[in-house]
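Peer 1: Please read through the structure below; I'll follow up with questions.
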């Protein structure tokens, strides 16, 4: 590895470890990613402590010589041609300019997703600096709506979904919508989650040979109902699923787990409750 890149990586790793909240977290970050070439690294999307820990862990992994493809939930699979074109042309070393160019290439009227890119730009920066492939790992909202109407097979996905997987996603959607989505609609919405997991599994499988890092929500990297369920046995054996959970989350369906402080946020169901009557 060129000396300047090695120095850059070591400096990035040190900076990332310094940004972790405690000495315990610094230790966890340095050792979080083990020897497997495939890493499914979970997140709580709005938890800044979790994102800092993840970045420090990835920087430590890169400093040890890993050169994985980086697959992101934040990019939809339709973004891949724009991503490939920008990387091939080395159009910009600036991560925000890269994101703007990818999202700007989407068809007019297409959602830009609403992601907080300050959490993901550092990973894109590492990929651009080191020449690592960036992989669009998600299914877009418009395609998701079509999936609900047409079914999985019509969009090239595996339609034979294990009942426990579909049931788990259905329950999760009902809970996340605070009980305001009926079971039938929730089951159709669950197909979108299944398609996303399958797409992420394809991204992992396609790049496992060189190594691959999947950045996705904790629900997607669960070993019982998420991406690992859709990996081939050979690929699954070469991957580790890491849940980056908030304190108090007792979910155990990961190969490794690390806890971070829970972020403060309003009750998402509060606005859906009917107002109390006076008196």
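In the UniProt record's numbering, the protein residues as written are 1 to 279.
Even for Gly, the Cβ is constructed at its ideal location relative to N, Cα and C.
#1: Put residue 96 into one of helix, strand or coil per three-state DSSP.
#2: Using 10 angstroms around the beta-carbon of residue 232, count the other beta-carbons present and answer buried if the total reaches 16, otherwise exposed.
#3: Which residue comes first and which comes last in the alpha helix (DSSP H) that contains residue 123?
#4: Taking the beta carbon of residue 28 as the centre, do at least 16 other beta carbons fall within 10 Å, making it buried, or is it exposed?
#5: Apart from the five residues just before and just after residue 33, which ones in its own chain have a Cβ nearer than 6 Å to its Cβ?
#6: Residue 132: beta carbon under 6 Å from a heavy atom of the ligand NAP?
#7: Comparing alpha-carbon positions, which option in 213, 75, 239, 207 lies nearest residue 138?
#8: Taking 7 Å as the threshold (C-beta atoms), are residue 118 and residue 96 in contact?
#9: With a threshold of 8 Å, are at least 3 pairs of Cβ atoms found where one atom belongs to the segment 166-181 and the other to the segment 147-155?
#10: List, from N- to C-terminal side, the beta strand (DSSP E) runs of 3 residues or more that fit wholly inside the segment 223-257.
#11: Check whether the Cβ atoms of residue 81 and residue 212 sit closer than 7 Å, and answer yes or no.
#12: From residue 144 to residue 63, what does the alpha carbon distance come to, in whole angstroms?
#13: Would residue 136 pass as a contact of residue 79 if the rule is Cβ separation under 7 Å?
#14: So, residue 42 versus residue 194, is the Cβ gap smaller than 7 Å?
#15: Please work out which residues of its chain come closer than 6 Å, Cβ to Cβ, to residue 235, disregarding the five sequence neighbours upstream and downstream, and give them in chain order.
#16: Excluding the 5 residues preceding and the 5 following residue 164 in the sequence, name in chain order all residues of the same chain whose CB lies nearer than 6 Å to its CB.
Peer 2: In terms of the structure at hand:
#1: The residue labelled residue 96 in the question sits at position 96 within the chain shown. Helix.
#2: Indexing the chain shown from 1 puts residue 232 at position 232. Counting Cβ neighbours within 10 Å, residue 232 comes out exposed, since fewer than 16 surround it.
#3: As a position in the chain shown, residue 123 is number 123, starting the count at 1. It spans 121-130 - the alpha helix (DSSP H) in which residue 123 sits, taken as one unbroken run.
#4: Mapped onto the chain shown, residue 28 falls at position 28. It is buried - the Cβ of residue 28 has at least 16 other Cβ atoms within 10 Å.
#5: Along the chain shown, one-based indexing puts residue 33 at 33. 39, 57, 61.
#6: Among the ligands in the structure shown, none appear at all, so the ligand NAP cannot be discussed.
#7: Along the chain shown, read from residue 1 onward, the residue named residue 138 stands at position 138. Taking only the C-alpha atoms, the option nearest residue 138 is 75.
#8: Counting from one through the chain shown, the residue named residue 96 turns up at place 96. Counting from one through the chain shown, the residue named residue 118 turns up at place 118. No, Cβ-Cβ distance for residue 96 and residue 118 is not below 7 Å.
#9: no
#10: 239-246
#11: Translated into positions along the chain shown, residue 81 becomes position 81. Translated into positions along the chain shown, residue 212 becomes position 212. The answer is no: Cβ separation not under 7 Å.
#12: The residue labelled residue 144 in the question sits at position 144 within the chain shown. The residue labelled residue 63 in the question sits at position 63 within the chain shown. Their Cα atoms are separated by approximately 37 Å.
#13: Within the chain shown, numbered from 1, the residue matching residue 136 stands at position 136. Within the chain shown, numbered from 1, the residue matching residue 79 stands at position 79. Going by C-beta atoms, residue 136 is nearer than 7 Å to residue 79.
#14: The residue you call residue 42 lines up with position 42 of the chain shown. The residue you call residue 194 lines up with position 194 of the chain shown. Not in contact: residue 42 and residue 194 (Cβ atoms no closer than 7 Å).
#15: Taking the first residue of the chain shown as 1, we reach residue 235 at position 235. So the qualifying residues of the chain are 205, 208.
#16: Here residue 164 refers to the residue found at position 164 when the chain shown is read from its first residue. Excluding residues within five positions, none has a Cβ falling inside 6 Å.
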